[in-house]
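Colleague:
Number of protein chains: 2
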Amino acid sequence: MNKNQSLPWDHPRFKSWVSVARACQLMQQVLTRQLAPLGIKTPHLDILINLYRSPGISQQDLARKLLVGRSNMSMLLPQLEKRGLIARIADRKDRRILRLELTPAGRSATEQGMAIQTALIERTLIHTPLDQCLAMAGNMEIVIAHLMAEERAADSETDAA
Amino acid sequence: MNKNQSLPWDHPRFKSWVSVARACQLMQQVLTRQLAPLGIKTPHLDILINLYRSPGISQQDLARKLLVGRSNMSMLLPQLEKRGLIARIADRKDRRILRLELTPAGRSATEQGMAIQTALIERTLIHTPLDQCLAMAGNMEIVIAHLMAEERAADSETDAA
DNA sequence: TGATTTTTGTTCATCGTTGTACTTTATTGT
DNA sequence: ACAATAAAGTACAACGATGAACAAAAATCA
Numbered sequence: 000m001n002k003n004q005s006l007p008w009d010h011p012r013f014k015s016w017v018s019v020a021r022a023c024q025l026m027q028q029v030l031t032r033q034l035a036p037l038g039i040k041t042p043h044l045d046i047l048i049n050l051y052r053s054p055g056i057s058q059q060d061l062a063r064k065l066l067v068g069r070s071n072m073s074m075l076l077p078q079l080e081k082r083g084l085i086a087r088i089a090d091r092k093d094r095r096i097l098r099l100e101l102t103p104a105g106r107s108a109t110e111q112g113m114a115i116q117t118a119l120i121e122r123t124l125i126h127t128p129l130d131q132c133l134a135m136a137g138n139m140e141i142v143i144a145h146l147m148a149e150e151r152a153a154d155s156e157t158d159a160a
Numbered sequence: 000m001n002k003n004q005s006l007p008w009d010h011p012r013f014k015s016w017v018s019v020a021r022a023c024q025l026m027q028q029v030l031t032r033q034l035a036p037l038g039i040k041t042p043h044l045d046i047l048i049n050l051y052r053s054p055g056i057s058q059q060d061l062a063r064k065l066l067v068g069r070s071n072m073s074m075l076l077p078q079l080e081k082r083g084l085i086a087r088i089a090d091r092k093d094r095r096i097l098r099l100e101l102t103p104a105g106r107s108a109t110e111q112g113m114a115i116q117t118a119l120i121e122r123t124l125i126h127t128p129l130d131q132c133l134a135m136a137g138n139m140e141i142v143i144a145h146l147m148a149e150e151r152a153a154d155s156e157t158d159a160a
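Going down the list, the sequences are from chains F and Z.
So for the first sequence, numbering that gives the first Met the number 0 puts the first residue at 0; every next one is plus one.
So for the second sequence, numbering that gives the first Met the number 0 puts the first residue at 0; every next one is plus one.
#1: Rounded to the nearest angstrom, how far is the Cβ of L84/Z from that of L66/Z, given a contact under 8 Å?
#2: Under three-state DSSP, which class holds S57/Z?
#3: Using a 10 Å radius around the Cβ and a threshold of 16 neighbouring Cβ atoms, would you call W8/Z buried or exposed?
#4: Does DSSP classify L6/Z as helix, strand or coil?
#5: Under 9 Å, do L25/F and L146/Z count as touching if we go by C-beta distance?
#6: Using a threshold of 9 Å, state whether the C-beta atoms of L30/F and R12/Z are closer than that.
#7: Excluding the 5 residues flanking L34/Z on each side, which residues of the same chain have their C-beta closer than 7 Å to its C-beta?
#8: Have a look at Q78/F and L50/F and give me their C-alpha separation to the nearest angstrom.
#9: At which residues does the alpha helix (DSSP H) containing A89/Z begin and terminate?
#10: Around the Cβ of L99/F, are there at least 16 other Cβ atoms within 10 angstroms (buried) or fewer (exposed)?
#11: Keeping to the same chain, check which residues put their C-beta closer than 8 Å to that of A108/Z; ignore five residues upstream and five downstream.
#12: Thinking C-alpha only, which one of W16/Z, L6/Z and H10/Z is nearest M135/F?
#13: Have a look at S18/F and E140/Z and give me their C-alpha separation to the nearest angstrom.
#14: Taking all protein chains shown into account, decide if N1/F is buried (16 or more other Cβ within 10 angstroms of its Cβ) or exposed.
#15: Around the Cβ of L129/F, are there at least 16 other Cβ atoms within 10 angstroms (buried) or fewer (exposed)?
#16: Taking just the CA atoms, how far does Q27/F sit from A144/Z?
#17: Measure the Cβ-Cβ separation of T127/Z and V142/F and say whether it is below 9 Å.
#18: Does the beta carbon of Q78/Z come closer than 9 Å to any beta carbon on chain F?
#19: Tell me the DSSP bridge mates of L97/F?
#20: Just to confirm before moving on: does the CB-CB distance between R52/F and Q59/F stay below 9 Å?
#21: Does L66/Z get closer than 9 Å to chain F when you measure Cβ to Cβ?
#22: Which of the three DSSP states, helix, strand or coil, is assigned to N64/F?
#23: Following the continuous alpha helix (DSSP H) through R21/Z, name the residue where it begins and the one where it ends.
#24: DSSP on K81/Z, reduced to helix/strand/coil?
#25: Compare the C-beta of S53/F against all C-beta atoms of chain Z and say whether one is closer than 9 Å.
#26: Taking the alpha carbon of D93/Z as the reference point, which residue from S57/Z, R63/Z and A86/Z has its own alpha carbon closest?
#27: Residue range of the alpha helix (DSSP H) that H126/F falls in?
#28: Quick check on M0/Z: does DSSP put it in helix, strand or coil?
#29: List, in chain order, every chain Z residue whose beta-carbon is nearer than 8 Å to that of R151/F.
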């Protein structure tokens, strides 16, 4: 029984992915610390950045973009609203939908947060040549597409059962 | 005021990193689903794989490797012990330390989990050429080193204050 | 039109992770 | 040897995320 052949750390792709996962985990932790002075956490900043780029988005669509559950948005968004960073405006045509927008204070907080995040990423990836950076991004988009397809397939199976 | 110049989505490294982070998040979610039949979750598998490769490691060192808090290990490991997957053996020389090992059942569970994870990664990265995969891993190791340095620097500042 | 199904958002119970405070055991410094 | 300090592990309270059950509004379709 030559189990050694299948040890994961002999698989270059496995090892590579472990590096990616660890880098992401660390990045999240470091970013969390650097955002602390602003009084926001990474999930908040993710939301704010998306509203900055896509104002008027619904909670549902936002949750889909961020790959989290609807209930998550339902917990976080009222907090941000109470803090005066976002506004939730009922859609006139479809009264189920709450459309999300940044307040001026929210826009300002977003810009500060983005500056911190962008600076951190620039500092961290400074030694990664741009072409390799872009190649990586391209590969990651393929990975994302593959994983979403695999997830949809699993969902269909669940439905069928 | 040319704020547009600093919009994060104009920064290629920022955009690239967003792809990386999303891919990681998705990978975790998909892996969680595929591990469900085994009755273990991704944190459990991370632990088991580390014990598979580094038997006799202490809880503290394991926590450091996994980038989580000590208390996390203190919550998870007793669960795995009760399920008969690991053993916690008191060190004779230093009675503070609990050395961790896999039981036969744990080894078997680990092999099943690793098979699932490795297969998922292979499937997902099949279209990423090996050389790009390795280049990515190399870059990620640099990222990890940079972030750990930055975190240590922040810790020192905290101590000084 | 009226009944069924879908979609949007909320609520709540549950679980995982964290940080802090604490106990026990080693190490260090005098 | 003894006091102070550090390290390993635990307990607990707080927070975040999840999924299921639910209410309200729209879409579908007969």
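Ideal Cβ placement from N, Cα and C applies to all residues, glycine included.
Modeller: Short version:
#1: Contact doesn't hold; Cβ gap of about 22 Å is too wide.
#2: Strand at S57/Z.
#3: Flag for W8/Z reads exposed.
#4: Judged by DSSP in its simplified three-state form, L6/Z adopts coil rather than helix or strand.
#5: Yes, they are a contact pair.
#6: Not closer than 9 Å, so no.
#7: Cβ within range, chain order: K40, T41, L44, G112 and I115.
#8: Their backbone Cα atoms lie some 15 Å apart in a straight line.
#9: For A89/Z, there is no enclosing alpha helix (DSSP H); the enclosing beta strand (DSSP E) covers residues I85 to A89.
#10: L99/F counts as buried, since at least 16 other C-beta atoms from the protein chains shown sit within 10 angstroms of its C-beta.
#11: L37, I39, L47 and L84.
#12: Sorting W16/Z, L6/Z and H10/Z by C-alpha distance to the C-alpha of M135/F places W16/Z at the top.
#13: Between the C-alpha atoms of S18/F and E140/Z there is a straight-line separation of about 6 Å.
#14: Bear in mind that a pLDDT of 42 at N1/F, under 50, signals an unreliable position, so the model cannot answer this.
#15: It is exposed - the Cβ of L129/F has fewer than 16 other Cβ atoms within 10 Å.
#16: So the two alpha carbons sit approximately 14 Å from each other.
#17: Yes; because the gap between Cβ atoms is below 9 Å, this pair is in contact.
#18: No, Q78/Z lies away from the interface with chain F (no Cβ there is under 9 Å from its Cβ).
#19: DSSP, once it has assigned bridges, lists A89/F as partnering L97/F.
#20: No, the pair does not count as a contact, with Cβ atoms beyond the cut-off.
#21: Interface with chain F (9 Å Cβ-Cβ cutoff): L66/Z is included.
#22: For the record, residue 64/F in the displayed sequence is Lys; it is not Asn. In the structure shown, K64/F sits in a helix (DSSP, three-state: H, G or I).
#23: Residues P11 to L34.
#24: When DSSP states are grouped into helix, strand and coil, K81/Z belongs to the helix group.
#25: Contacts with chain Z at 9 Å (Cβ-Cβ) do not include S53/F.
#26: The shortest Cα separation from D93/Z among S57/Z, R63/Z and A86/Z belongs to S57/Z.
#27: Per DSSP, H126/F lies in no alpha helix (DSSP H) segment and is marked neither H nor E.
#28: Any reading at M0/Z is ruled out, since the residue's pLDDT is 43, under 50, leaving its predicted position unreliable.
#29: Neighbours of R151/F on chain Z: none; closest Cβ ~11 Å, over 8 Å.
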